[in-house]
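Read the structure below first, then the notes.
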Amino acid sequence: MSEVQDLPPLSSVVLLRLRDYARRPVAEQARLSAQLETALAVLLPDIAARERLVLEGSGVAAVAVLGKATAALDFAERALRANEAGLGLSIGIDHGPVEVTGDASGNALAGDGVATAAVLATFAAETGLLVSKNFYTALAQSSPGAESVLVPAGGFSDAGLRTYQAFRVDREAPRRRRRRFIIAAAAVIFALSAAAVALRVGAPDRPRPLAPYVDRAVSYFGSYVFDRLMRFVLDHQQE
Amino acid sequence: MTTSKSKRKQLGRYRIDAELGRGAMGVVYKAHDPMLDRTVALKTIALDDAAQDREEYQARFFQEAKAVARLNHPAVITIYDFGEEDALAYMAMELLGGSELNARLAQGPLSVREAVAIAEQVAEGLDFAHDSGVIHRDIKPGNIMLLPRGRVKIMDFGIARLKLSDLATQVGTRLGTPRYMSPEQVGGGALDQRTDIFSLGIVLYEMLTGAKLFHGDDLTQVMHSVANLEPPPPSRINPEVPPLLDLVVKRALEKKPAARYANAWEMVDDLRHCLQELASSQPAQQHGADSVASANAQDDDVGDKTVVLNASMDGTLTLRRLNAQADPQNRLALSRRFDSAEGLVRVQAPLTRDRQWLARVPRPPGMLRRLRHDHDLAWLTLTIGLAMLIAGALALS
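Going line by line, the protein sequences match chains A and B. Per my numbering, residue 2 is the first one in the first sequence, and the count goes up by one each step. Per my numbering, residue 76 is the first one in the second sequence, and the count goes up by one each step.
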């Protein structure tokens, strides 16, 4: 048996927790549970049946997405939007090991993936959605660049003093990142150009190993550009 | 208690006619009150032998008895009188013609409506007692009497406080009452009305499922279960239990008192909602809940259900062991509404390649892969590369 066969499968667990569920009257709990089920019924078809396990608990629902971290994040974000209707959801996502435990009363899913997602959901009261460092890495591996929507949300400690590095979703983050890239590129271009010009001006006796190639390229490029320009002018005059 | 005492013919002004039963604390007699010419149940409680303990015990007994005697509610047994004679405290109370709930449970699980109707009456009685400043502390099937025409009475109010001092001697012996204690009760914490709500939650769970909720070979195991075990919803064992009732049981069985029903009336309210829901879903069986006694006679029906639920009980026990080992937060049941069969097969019996794919530990992607997928980064890299090329050409030509 190979080492991989002994390892439990990993999945991205999206855990949806109804805020203050335990404190609400039972009739309201029943209503919220029904609303949560309805929201799931609307959102779940976007994840293929073979890629998900749907879990339930008291005031809690979870979807374990197998292998596709991007699908898990999409699902969580759409659930968060459904939340705007007043469901009061806190969402936690982790990518971790899960294990099916079965008995006569039904199957259940256990593991760190479920536990960490549950803890993050409890911390997500303000932000609505928190994801773990493991999920961040899984998302980066699954779709490099997609993790740029996740920004650090700080560290949290649970009752057992375990610490969690959490990230939150910020859809503006990729745009800011792109802007930073443009600024960085412009700065690098400016710095390199300035250095090159400074070298040309400051050190006329510098070695010029590339001169023949550059001269040839410039003359070829220059004549090409001159030809195209002349042809354009002549064509324009004939018209 | 000595044999001579058990054969006594008189206690206080009461003439003892027959012995009705024996418990850990004393004997219950059928007795006659010559002054009022009525038949009563006479419950005796042996007082401690040590003089100091006895005084304290006696004081507590009379204090409790006075408080309980003030309770006058259809769901609470009526105390007529109390007193002490020959190191034997006694309470004269109304003699009830019915059977205890534990005897009824021994015959098999109750119908959902029957169970809810009983729990609703008990909760109502508890609410009245709590409002009067009395906490029962020992709600269990043995202290709930089922009367004809579906009526219910709670017995042994306040007696539990007297029993608590006996707990220390129970380690290693067969357990009874601790199975119905609340987490704060087994933990020795401060008690309020919510302890009775938890105990009633256990009773309701057992009525609905026919399974024992918290049990073990010794007190430690039971206490651990009470404090840590998150029971599966009753509907997992008995599919007839509606979702709303699952929520009621869950609320009553919250480990933290603050998360539980704040008072018994809230539970009454919710149980009445459940009864309405049950009545609307099964109008044809409406008469069933009104007649606990007549339901007792439905042996054939009950027998069938017992077979099914006993099979489920084994499952509950397995589940309990798993739960005891794992943090309850670490485990969620598969949804019954949404199908997860295909995903389940992939997790339980994956193909070799799928297994490798699912088991791989996430790592940050390599630079080349990142450049292929991350277009912003690719453009930045390309731009910087071109800039370096041009700058190099400028500098070295």
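Idealized CB from N, CA, C, for every residue including glycine.
- GLN423 (chain B) sits exposed, since fewer than 16 C-beta atoms from the chains shown fall within 10 Å of its C-beta.
- With a 10 Å radius around the Cβ and a threshold of 16 neighbouring Cβ atoms, ILE48 (chain A) comes out buried.
- Identification of chain A residues near GLN423 (chain B) by a Cβ-Cβ cut-off of 8 Å yields VAL101, ordered along the chain.
- From the beta-carbon of HIS290 (chain B), no residue of chain A is found nearer than 7 Å; the closest lies around 17 Å away.
- Contact annotation: HIS96 (chain A) and LEU8 (chain A) have beta-carbon atoms that are not nearer than 8 Å.
- Taking 8 Å as the upper bound for CB-CB distance, VAL14 (chain A) and ALA63 (chain A) are in contact here, some 6 Å apart.
- It is roughly 9 Å from the alpha-carbon of PHE413 (chain B) to the alpha-carbon of LEU54 (chain A).
- Apart from sequence neighbours up to five positions away, the residues of its chain that approach ASN338 (chain B) with a beta-carbon distance below 7 Å are ASP202, HIS205 and GLN268, ordered along the chain.
- Between TYR132 (chain B) and the set B:ALA334, B:LEU163 and B:HIS348, the nearest pair of CA atoms involves B:LEU163.
- Each residue's CA atom was taken as its position, placing GLN238 (chain A) and LEU443 (chain B) some 50 Å apart.
- Beta-bridge partners assigned by DSSP to GLN166 (chain A): A:GLY156.
- Contact annotation: the region 190-200 of chain B does not touch the region 131-145 of chain B, with fewer than three C-beta pairs closer than 8 Å.
- Taking a Cβ-Cβ threshold of 8 Å, the residues of chain B close to GLY58 (chain A) are LEU407 and ALA408, in chain order.
- The residue from A:PRO145, A:ALA83, A:GLY146 and A:VAL152 with its alpha-carbon nearest to that of ALA42 (chain A) is A:ALA83.
- With a cut-off of 8 Å on Cβ pairs, the region 455-472 of chain B is in contact with the region 206-220 of chain A, counting three or more such pairs.
- Under the Cβ distance rule, LEU131 (chain A) does not count among the residues neighbouring chain B, no pair being separated by less than 8 Å.
- Interface with chain A (8 Å Cβ-Cβ cutoff): PHE273 (chain B) is excluded.
- Nearest CB-CB separation between VAL226 (chain A) and chain B: not below the 8 Å threshold.
- Residues of the region 107-131 of chain A with a Cβ closer than 8 Å to any Cβ of chain B, in chain order: GLY107, ASN108, ALA109, LEU110, ALA111, GLY112, ASP113, VAL115, ALA116, ALA119 and VAL120.
- Contact of THR138 (chain A) with chain B by beta-carbon distance below 8 Å involves PRO437, ARG438 and PRO439.
- The straight-line gap separating the alpha-carbon atoms of ALA111 (chain A) and GLY103 (chain A) is approximately 10 Å.
- When A:ASP216, A:LEU235, A:ALA125 and A:ALA186 are compared, the shortest CA-CA separation from LEU16 (chain A) is found for A:ALA125.
- Taking the Cα of GLU57 (chain A) as reference, the smallest distance to any Cα among A:LEU74, A:VAL115, A:VAL150 and A:ARG217 is reached at A:VAL115.
- No Cβ-Cβ contact shorter than 8 Å links LEU45 (chain A) with ALA80 (chain A).
- For VAL102 (chain B), the enclosing beta strand (DSSP E) stretches over residues 102-108.
- Here DSSP, grouped into helix, strand and coil, assigns VAL115 (chain B) to strand.
- Our two residues, ILE272 (chain B) and GLU175 (chain B), have alpha carbons roughly 19 Å apart in a direct line.
- Shortest Cα-Cα distance from SER144 (chain A) to any of B:ILE465, B:LEU446 and B:SER415 involves B:LEU446.
- Closer than 7 Å at the C-beta level to chain A, one finds these residues of the region 319-351 of chain B: LEU319, LEU322, VAL323, LYS325, ARG326, GLU329, ALA334, ASP345 and HIS348.
- Distance from the CA atom of ARG113 (chain B) to the CA atom of ASP161 (chain B), rounded to whole angstroms, is 24 Å.
- Put simply, the CB of ASP449 (chain B) is near chain A, with a gap under 8 Å to one of its CB atoms.
- Using beta-carbon distances, PHE222 (chain A) does not count as an interface residue toward chain B, since no partner is under 8 Å.
- Contact note: ALA470 (chain B) reaches chain A through ALA196, ALA197, LEU200, ARG201 and ARG207, using a C-beta cutoff of 8 Å and chain order.
- Among the residues of chain A, those whose CB is under 9 Å from the CB of ASP414 (chain B) are ALA50 and VAL55, following chain order.
- For the region 145-161 of chain A, the residues whose beta carbon sits under 7 Å from a beta carbon of chain B are, in order, PRO145 and GLY146.
- Of the candidates B:GLU189, B:LEU222, B:GLY200 and B:LYS330, the residue whose Cα lies closest to the Cα of GLY173 (chain B) is B:LEU222.
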